[in-house]
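The opening position of the sequence shown corresponds to residue 18 in this note's numbering, with each subsequent residue numbered one higher. Note that CB positions come from ideal geometry on N, CA and C, so glycine has one too. Here the structure is a predicted model, which is why all the values come from computation and not from measurement. In what follows, a single structure is set out as structure tokens and then discussed.
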Amino acid sequence: MCHSTISLSMTKKNAFVLSLPGLLFSIACCIPCIVFCIMNKSKLPPVCASHFDASGLPNGYQDRNTFFWFSVLLPAGITLFVDAIGLLITLLPASAYNGIDPEYLKKGNNLNIIRSKMLNMLSMLGSLLAVFFFSVFEPNWEYNWKCKIDPEHPVPCEYKIVVLPQVLVFIVLELAIITVFTMSLKKKLKNQGLLDEDEQHYWKCGCCYINDNDERLCVPNRLGGGWTVNLGNPLGVSLLLILILCPIVGFGLVVLFQ
């Protein structure tokens, strides 16, 4: 009961305030994208090329309004969706501490600091996604400005759309943020006195739970604020792969059918 009382009282105290910089940054990243689309909508032809074949000729088209709103709403929607997930993490009560001494959480409001770090990380990922999607759309806009668009007879154009550099930059930035966050979390959890020896044995690098004797697919995080997959359970590994692959497949479909 003591653990539950402390978790509920600390969950909503300062986590949102501490995470505001990340939220504001992610929203600010969307503003230039939206302003660009609004300022340049008048330059678009009535019918816009939205997809291209291997030879660089357009093979998919949208009307001006559909092309405009898709370019504006997808990056903004992705960012807000990721931010919403982060907000949910900061608001959920910590259901278990896995043997952590409640006194540790009272020192410097550690629980909320870690929650805010999680939200800031998600917000940064959301902003990266927004900028990346826009960087993919922007060459499409230039193509529609500079090239003749004829759905009946596609006309070759000297302007070539190159997406690979944006993809590489996005991957590098995403890996960098995840690495920094993981190392930061690992550093926070170096205190071996937080868990007894049995519990500590199942937590690798401070954040990975591996217990083949535990039938649960997911377990509460060590410091509350969400759940983590049990990598000792084959179904848990499958669940993690699904969670990782779904966004990748979704992104691929968006790029393929945009």
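| Query | Result |
| --- | --- |
| According to the Cβ coordinates, are isoleucine 188 and glycine 143 closer than 8 Å? | no |
| By how many angstroms is the C-alpha of threonine 245 removed from the C-alpha of alanine 66? | 43 Å |
| Identify whether lysine 60 lies in helix, strand or coil by the three-state DSSP scheme. | helix |
| So, using beta-carbon positions, are valine 172 and lysine 163 closer together than 8 Å? | no |
| If I'm right that cysteine 54 touches serine 88 with Cβ under 8 Å, what's the distance once you round it to whole angstroms? | 5 Å |
| Can you find the residues in the same chain that come closer than 7 Å, C-beta to C-beta, to glutamate 159, ignoring five residues on each side of it along the sequence? | Tyr176 |
| Given that a residue counts as buried once 16 or more other Cβ atoms are within 10 Å of its Cβ, and exposed if not, what is leucine 146? | buried |
| Suppose the cutoff is 7 Å on Cβ atoms and the five residues either side in sequence are ignored; what does the same chain contact list for aspartate 70 look like? | Asn76 |
| Whose C-alpha, out of His68, Pro92, Met138 and Thr83, is nearest the C-alpha of isoleucine 102? | Met138 |
| Counting only the same chain and skipping the five closest in sequence on each side, list residues whose C-beta sits under 7 Å from that of lysine 58. | Phe85 |
| Can you tell me the Cβ-Cβ gap for asparagine 247 and leucine 234, rounded? I've got them flagged as a contact below 8 Å. | 6 Å |
| Can proline 92 and arginine 81 be called in contact, C-beta distance under 8 Å? | no |
| Straight-line CA distance for histidine 68 to asparagine 230? | 50 Å |
| Locate the beta strand (DSSP E) running through asparagine 230, then write down its first and last residues. | No beta strand (DSSP E) holds asparagine 230; DSSP gives it neither H nor E. |
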